Amino acid sequence: MYVELEPMVLSRKSTPEERDRALRRLYEWVLERQPYDAEHMALAALEKDFRTGKIGVRHFLEKLATSDLYLEHFYFPYSNLKFVELCFKHFLGRAPHNMAEVETYAKELAQHGPRLFVKMLLDSEEYRQAFGNFGVPYPRSAARYHSPQNFQQSQLLREEAAGRRGRALPALVWQKLGLVCESGHCYRPEPSPAIAQAPSAKAVAVRPPASTEPELDAPLGSLLDELQEFLQML
Numbered sequence: 306m307y308v309e310l311e312p313m314v315l316s317r318k319s320t321p322e323e324r325d326r327a328l329r330r331l332y333e334w335v336l337e338r339q340p341y342d343a344e345h346m347a348l349a350a351l352e353k354d355f356r357t358g359k360i361g362v363r364h365f366l367e368k369l370a371t372s373d374l375y376l377e378h379f380y381f382p383y384s385n386l387k388f389v390e391l392c393f394k395h396f397l398g399r400a401p402h403n404m405a406e407v408e409t410y411a412k413e414l415a416q417h418g419p420r421l422f423v424k425m426l427l428d429s430e431e432y433r434q435a436f437g438n439f440g441v442p443y444p445r446s447a448a449r450y451h452s453p454q455n456f457q458q459s460q461l462l463r464e465e466a467a468g469r470r471g472r473a474l475p476a477l478v479w480q481k482l483g484l485v486c487e488s489g490h491c492y493r494p495e496p497s498p499a500i501a502q503a504p505s506a507k508a509v510a511v512r513p514p515a516s517t518e519p520e521l522d523a524p525l526g527s528l529l530d531e532l533q534e535f536l537q538m539l
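Going by the working numbering, the letters in the sequence shown line up with residues 306 to 539, in that order.
If you want it as structure tokens, here you go:
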């Protein structure tokens, strides 16, 4: 079950204990785990600069996110579309609003590469307003979501463990296509024979909620065409 994280902001007067707590929070949210011993050794100089107050949170994140450790775990194994979604989660604390936003940032990623792409997010006005130089990124709850789908995607992305819901499709894509992506691989579930043959099937048939976007009711052929279009961008 997801636990809401309290905002954490450091300052130049923060104690070593406060910086240690912030460091653990940063790893837990951005790496989605704590580093292993060998990884700590590779990060030793960066951690020292952070603990002594030589660098702030944003500078630390820039170094961490452009390190081989981060890229090997979240860039190379994933599609560009999924990497964009993960970066929004890790650095902006939210899910992308829609597919148009994912596509726009995927073009930036393809043009500039992952290191400059992450730096662009950390230098963005949205990041500065949300976290500044000393705020630790955390999952932000929006006062208003762009759509019911965006709300559901935000909840899924918060609780998603690395690789759990596939490495190719962002959540908003597999949701829209009616796929199940719970074990790292996406598939289209088969209808239950028991439900299909039940006399009262009409009464118990599962219907999409009234707030669901109309595209979700598109014919299977149309959805597969959309999937093919998305896959061409991977």
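Yeah, the Cβ is synthetic: ideal placement off N, Cα and C, and Gly gets one too.
Remember, it's a predicted structure, so these values are computed and weren't measured experimentally.
Reference residue i; option with closest CA among the options
{"i": "residue 327", "options": "442, 427 and 422", "result": "442"}
{"i": "residue 333", "options": "395, 425, 445 and 434", "result": "395"}
{"i": "residue 380", "options": "399, 321 and 419", "result": "419"}
{"i": "residue 434", "options": "416, 411, 398 and 407", "result": "398"}
{"i": "residue 358", "options": "416, 410 and 318", "result": "318"}
{"i": "residue 344", "options": "372, 432 and 360", "result": "372"}
Span separating the alpha-carbon of residue i from that of residue j
{"i": "residue 413", "j": "residue 422", "result": "7 Å"}
{"i": "residue 351", "j": "residue 444", "result": "24 Å"}
{"i": "residue 323", "j": "residue 315", "result": "8 Å"}
{"i": "residue 388", "j": "residue 439", "result": "24 Å"}
{"i": "residue 354", "j": "residue 370", "result": "16 Å"}
{"i": "residue 320", "j": "residue 492", "result": "49 Å"}
{"i": "residue 495", "j": "residue 430", "result": "45 Å"}
{"i": "residue 437", "j": "residue 427", "result": "9 Å"}
{"i": "residue 402", "j": "residue 391", "result": "13 Å"}
{"i": "residue 313", "j": "residue 330", "result": "9 Å"}
{"i": "residue 400", "j": "residue 393", "result": "6 Å"}
{"i": "residue 407", "j": "residue 384", "result": "12 Å"}
{"i": "residue 311", "j": "residue 484", "result": "33 Å"}
{"i": "residue 409", "j": "residue 416", "result": "11 Å"}
{"i": "residue 365", "j": "residue 342", "result": "19 Å"}
{"i": "residue 339", "j": "residue 360", "result": "20 Å"}
{"i": "residue 411", "j": "residue 432", "result": "18 Å"}
{"i": "residue 349", "j": "residue 382", "result": "25 Å"}
Expected contact under 8 Å - CB spacing of residue i and residue j to nearest Å
{"i": "residue 374", "j": "residue 347", "result": "7 Å"}
{"i": "residue 336", "j": "residue 475", "result": "Not really, about 20 Å apart at Cβ, beyond 8 Å."}
{"i": "residue 356", "j": "residue 325", "result": "7 Å"}
{"i": "residue 367", "j": "residue 424", "result": "6 Å"}
Q. Whole alpha helix (DSSP H) runs in the segment 366-434 with 4 or more residues, listed along the chain?
A. 373-379, 385-392, 404-417 and 419-427
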